[in-house]
Amino acid sequence: MKSKTRALTGVLACTLAASVLAGCAPAAPTGSGSPAAKIQLSIPDPLTSSVGVTAQHFAEQVKKSSNGSVTVTVVPNGTSFSGDQNAAVTRLQGGSLDALILSTSVYASVVPEMNAISIPYLFKDTAEEAAFLSGEPGKALKDKLAKKDTVALSFLTRTGREITNSVRPIQQPSDLKGLKIRVPGNTLWTDYFTKLGASPTTMAFSEVFTGLQTGTIDGQENPIEVPWTNKFSEVQKYVSLTNHINDAWVLALSSKKWDSLSEDQKKAVTEASAETATFKTGYDDEQSKKQLDELKAKGMQANEVTASGLEEFKAASKSLYPEFSNLIGKEFFDQAIAFTAKK
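Note that the sequence shown covers residues -22 to -1, 1 to 321 in mature numbering (1 follows the signal peptide of the UniProt record, and there is no 0).
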């Protein structure tokens, strides 16, 4: 009995002082022996938005795939970069932000080829966009971001962008004549909406609701979840399903944070990001239908564009191909057009 008691005492002592007593092996850290890592993931939108739900899903997947050795904390509403998305890209490159989910249209300021994703009517649907982003064009874009100290883990699709306004339904380009439509501060958008006859207006997104409310702008364009999340039904009457442009999100780590991870942790984070990309495409497809129904229930009038109007929208885009080629870079522009032409 005494020998058993001495043995038990020895085990307890070994457990309590594993780091200092010879012959006592310390408990293995969670996650294949790698020191624990913490990642702050900054996003521009609320936790209830599509990107917020996706970011939280990614955090859960990372925890599972790393066996708990990597913890991701989501920081919503652009609070970690004061809402300045261009500054967020710069801070990620410098390493003062760990991780970021932002639109490809913002990254286009440092990698012009990102604009290829948003060539109007390049993709017939989100599935084709997903194939583009996971294929050779997407790999080429990741390589270009890597040169900017940005490790793009995955691209996350978005549903097509629609136009809302309070003047009239949009069924063909002529319906946009003279309307002040808020667009991102990106030349591709301003060139295209100018071609359509609108008056494109760049404005910080944080100011859009007030701009719509006061009539400073007549409308805006975004995936359907944006007017739903931001309650634009309170200040907009029409939602027109133009599906004119696709963009995407970039889920990225700074090179500094990436280099601090072990090989096992890098593998776990990469696997989680791939699963998250698949999750988001399915989630958005399901939610966008519900969100449109809710916008209509709140009084917004929804309309499809006419068949002839759709052809006019597409023709306006093709007429700008020389300008888009210069903006994007001819080599990658040609690659993008060739990729979708095969589909």
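Glycine included, C-beta positions come from ideal geometry on N, C-alpha and C.
Query	Result
Hey, could you find the ends of the beta strand (DSSP E) Ser87 is sitting in?	Premise fails: Ser87 is in no beta strand (DSSP E) and is neither H nor E.
In angstroms, rounded to a whole number, what distance separates the CA positions of Gly260 and Thr135?	10 Å
Spatial neighbours of Val84 within its chain, please: CB distance less than 7 Å, with the 5 preceding and 5 following residues excluded, ordered by chain position.	Gln63, Asn64 and Val67
Just checking my contact of Leu154 with Ala118 at CB under 8 Å: how many whole Å lie between their CB atoms?	Contact doesn't hold; Cβ gap of about 33 Å is too wide.
Just verifying my parser: in three-state terms, what is the DSSP assignment at Pro7?	Below a pLDDT of 50, predicted positions are generally treated as unreliable, and Pro7, at 42, falls in that range; the measurement from the model is reported next regardless. Looking at Pro7 - three-state DSSP - the assignment turns out to be coil, as it is neither helix nor strand.
Among Gly30, Tyr99 and Glu38, whose alpha-carbon lies nearest the alpha-carbon of Ala250?	Glu38
Mark Lys258 as exposed unless 16 or more other C-beta atoms lie within 10 angstroms of its C-beta, in which case mark it buried.	buried
Give me the Cα-Cα distance between Phe311 and Pro13, rounded to the nearest whole angstrom.	43 Å
When the Cα atoms are used, what is the spatial distance from Leu174 to Gly307?	23 Å
Taking contact to mean at least 3 C-beta pairs separated by less than 8 Å, is the stretch 218 to 231 in contact with the stretch 96 to 106?	yes
Would you list the residues sitting across from Gly197 in a DSSP beta bridge?	Asn143 and Ile159
Suppose contacts are defined by Cβ-Cβ distances below 8 Å. Is Leu25 in contact with Val48 by that definition?	no
Let me check understanding here. Comparing Cα to Cα, which of Val247, Ile141 and Ala94 lies closest to Tyr216?	Ile141
Alpha carbons only, please: which of Lys125, Thr32, Lys42 and Leu19 is nearest the one belonging to Ala246?	Lys42
Please say whether Asp262 and Thr165 have beta carbons closer to each other than 8 Å?	no
Relative to the alpha-carbon of Gly30, which residue among Lys125, Leu78 and Gly46 has its alpha-carbon at the smallest distance?	Leu78
Thr128 and Ser28 - do their beta-carbons sit closer together than 8 Å?	no
Thinking just about the alpha-carbon of each residue, which of Ile195, Pro201 and Leu298 is nearest to the one in Val213?	Ile195
Short of 8 Å in beta carbon distance, which residues of its chain neighbour Glu150, apart from the five on each side in sequence? Order them along the chain.	Just to set this straight, residue 150 is Gln in the shown sequence, not Glu. Same-chain partners within the cutoff: Val283, Thr284, Ser286, Gly287, Glu290 and Phe291.
For a test of the three-state rule: what should DSSP assign to Thr180, helix, strand or coil?	strand
Ala14 by DSSP, collapsed to three states: which one?	coil
Can you give the Cα-Cα distance for Ala109 and Gln71, rounded to whole angstroms?	27 Å
For residue 325, count neighbouring C-beta atoms within 10 Å of its own C-beta (all shown protein chains included) and say buried if the count is 16 or more, exposed if not.	No answer is possible for residue 325: the residues shown for the chain start at -22 and end at 321.
Could you check if Ser74 is buried or exposed, using at least 16 other CB atoms within 10 Å of its CB as the buried criterion?	exposed
Of the residues Phe183, Met278 and Glu253, which one's Cα is nearest the Cα of Ser211?	Met278
In this structure, how does DSSP classify Ile95 when only helix, strand and coil are distinguished?	helix
For Glu264, is the classification buried or exposed, using 16 other Cβ atoms within 10 angstroms of its Cβ as the cut-off for buried?	exposed
Within this structure, are the beta carbons of Ser218 and Ile148 separated by less than 8 Å?	yes
Measuring only the C-alpha atoms, how far is Leu80 from Arg139?	16 Å
Nearest to residue 339 by alpha carbon, out of Leu123, Val40, Thr248 and Gly56?	This structure cannot speak to residue 339, because the chain is shown only from -22 to 321.
What residue range is occupied by the uninterrupted beta strand (DSSP E) comprising Val217?	Tyr216 to Leu219
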